[in-house]
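Participant:
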Amino acid sequence: MTSIVDIHPHIISDDEGAYPPAPLFGKRSEWSKERPTTVETLIAAMDAAGVAKAAVVHSSTTYGFDNSYVVDGCAKYADRLVAVGSVDVLQEDAPKRIREWVGRGLAGLRLFTGGSTKEFDPSELDDPRSFAAWELCAELALPMCIQTGPIGLPQVTALARRFPTVPIILDHLGRPEVADGAPYANAQSLFELAPLDNIYLKLTPRIFGDVKMEKASAETFFPRVVEAFGAQRMAWGSNFPTSPGTLAEILATAQTGLASLSDEDRAWIFGKTAQKLYPALP
Numbered sequence: 001m002t003s004i005v006d007i008h009p010h011i012i013s014d015d016e017g018a019y020p021p022a023p024l025f026g027k028r029s030e031w032s033k034e035r036p037t038t039v040e041t042l043i044a045a046m047d048a049a050g051v052a053k054a055a056v057v058h059s060s061t062t063y064g065f066d067n068s069y070v071v072d073g074c075a076k077y078a079d080r081l082v083a084v085g086s087v088d089v090l091q092e093d094a095p096k097r098i099r100e101w102v103g104r105g106l107a108g109l110r111l112f113t114g115g116s117t118k119e120f121d122p123s124e125l126d127d128p129r130s131f132a133a134w135e136l137c138a139e140l141a142l143p144m145c146i147q148t149g150p151i152g153l154p155q156v157t158a159l160a161r162r163f164p165t166v167p168i169i170l171d172h173l174g175r176p177e178v179a180d181g182a183p184y185a186n187a188q189s190l191f192e193l194a195p196l197d198n199i200y201l202k203l204t205p206r207i208f209g210d211v212k213m214e215k216a217s218a219e220t221f222f223p224r225v226v227e228a229f230g231a232q233r234m235a236w237g238s239n240f241p242t243s244p245g246t247l248a249e250i251l252a253t254a255q256t257g258l259a260s261l262s263d264e265d266r267a268w269i270f271g272k273t274a275q276k277l278y279p280a281l282p
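full-length UniProt numbering applies: residue 1 is where the sequence shown begins, and numbers increase by one.
#1: Within the same chain, show all residues whose beta-carbon is closer than 6 angstroms to that of residue 142, passing over the 5 residues directly before and after it, in chain order.
#2: Quick one, are the C-beta atoms of residue 91 and residue 97 less than 9 angstroms apart?
#3: Which of helix, strand or coil does DSSP assign to residue 110?
#4: Where in the segment 222-275 do unbroken runs of the beta strand (DSSP E), each at least 3 residues long, occur, reported from the N-terminal end onward?
#5: Identify which residue in 63, 161, 231, 281 has its Cα closest to the Cα of residue 25.
#6: Could you give the distance in angstroms between the alpha-carbon of residue 106 and the alpha-carbon of residue 221?
#7: Can you look up residue 91 in the DSSP assignment and give me helix, strand or coil?
#8: For residue 79 and residue 180, I'd like the C-alpha separation in whole angstroms.
#9: Please classify residue 292: does DSSP put it in a helix, a strand, or coil?
#10: In whole angstroms, what separates the C-alpha of residue 153 from that of residue 61?
#11: Do residue 266 and residue 216 count as a contact pair if the criterion is CB distance below 9 angstroms?
#12: So, for residue 5: in the same chain, excluding its five sequence neighbours on each side, which residues have a beta-carbon less than 6 angstroms away from its beta-carbon?
#13: Under three-state DSSP, which class holds residue 81?
#14: Thinking C-alpha only, which one of 32, 18, 16, 23 is nearest residue 240?
#15: According to DSSP, is residue 24 helix, strand or coil?
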């Protein structure tokens, strides 16, 4: 039995003096105010859910580009957690900042181009000013998560080709349109990424909800994604506590949604892919 690894929980400090909020785009996300989860709370939730390890994603909508809490929190539980943070890749000092954060324990990066507090703007993705940061990711073997929707997939494609050794992880599976059902013609832009073998997919509560809508179903969608990408390029992420529910409930929903897959495919999605992406997860 492969250990279960979560590659998309978030943590928020309960000490705003030590870790002052400074949200990206100036607007703090509602979930971070309503459901703040400290690293200690996350560990307790992981224990209750049977989740062994996690790659904890920095909350840009709480702390902007200050990764202090995610690196400090993960350092407290270095046997179970690694930190994924954000740096302003358009700034000249981005490579220097990345090296500093890696020195403090950062194991991966994330580009947040929009989401709960802002419409998606993919223009920064392939902005040449960001390329020095990407080159450093290649040098340091740092995976890069990208939060975007279908609008940003052309830029993701260009980045995957320009930086073929950088693992690119699409948050929330790139938010494909799936309500049309099999053969999922409206998600064609997602499936067109499959030949790019450095693109990985993060399966979060969003997609497990979407496959219950209209003509979509878990039994037709997920096997199609595995056929295109391979389970070795797919990993589960809880989005806890952003998504409502306990971590145990979120995990159970994902396990039910992927029940039609083989044991081997599920072993990759719930653990082995995560450990390939984040080798620092012991």
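Even glycine gets a Cβ: it sits at the ideal position worked out from N, Cα and C. Quantities reported herein were computed from a predicted structural model and do not represent experimental measurements.
Facilitator: By the coordinates alone:
#1: Looking up residue 142 in the sequence shown gives position 142. For residue 142, where only same-chain residues beyond five positions count, the Cβ hits under 6 angstroms are 108, 109.
#2: Your numbering for residue 91 matches position 91 in the sequence shown. Your numbering for residue 97 matches position 97 in the sequence shown. It is a contact, given that the beta carbons lie within the stated cut-off.
#3: Position 110 of the sequence shown, counted from the first residue, corresponds to residue 110. For residue 110, the secondary structure class from DSSP, reduced to helix, strand or coil, is strand.
#4: 234-236
#5: Within the sequence shown, the letter at position 25 stands for residue 25. When each option's Cα is compared against that of residue 25, the closest is 63.
#6: Along the sequence shown, one-based indexing puts residue 106 at 106. Along the sequence shown, one-based indexing puts residue 221 at 221. Using only the alpha carbons, I get a separation of about 33 angstroms.
#7: What you label residue 91 is simply residue 91 of the sequence shown in a count that begins at 1. DSSP places residue 91 in coil when its eight states are reduced to three.
#8: Counting from one through the sequence shown, the residue named residue 79 turns up at place 79. Counting from one through the sequence shown, the residue named residue 180 turns up at place 180. Each residue's alpha carbon lies about 43 angstroms from the other.
#9: Outside the displayed span of the chain (1 to 282) sits residue 292, for which this structure offers no information.
#10: Residue numbering aside, residue 153 sits at position 153 when the sequence shown is read from its first letter. Residue numbering aside, residue 61 sits at position 61 when the sequence shown is read from its first letter. Near 22 angstroms, if we compare the C-alpha coordinates of residue 61 and residue 153.
#11: Residue 216 sits at position 216 when you count from the first residue of the sequence shown. Residue 266 sits at position 266 when you count from the first residue of the sequence shown. In this structure, residue 266 does not lie closer than 9 angstroms to residue 216 by Cβ.
#12: Translated into the one-based positions of the sequence shown, residue 5 becomes position 5. 53, 271, 274.
#13: Taking the first residue of the sequence shown as position 1, residue 81 is located at position 81. In this structure, residue 81 counts as strand in the three-state DSSP scheme.
#14: The residue labelled residue 240 in the question sits at position 240 within the sequence shown. Per the Cα distances, 32.
#15: Against the sequence shown, residue 24 aligns to sequence position 24. In the structure shown, residue 24 sits in a helix (DSSP, three-state: H, G or I).
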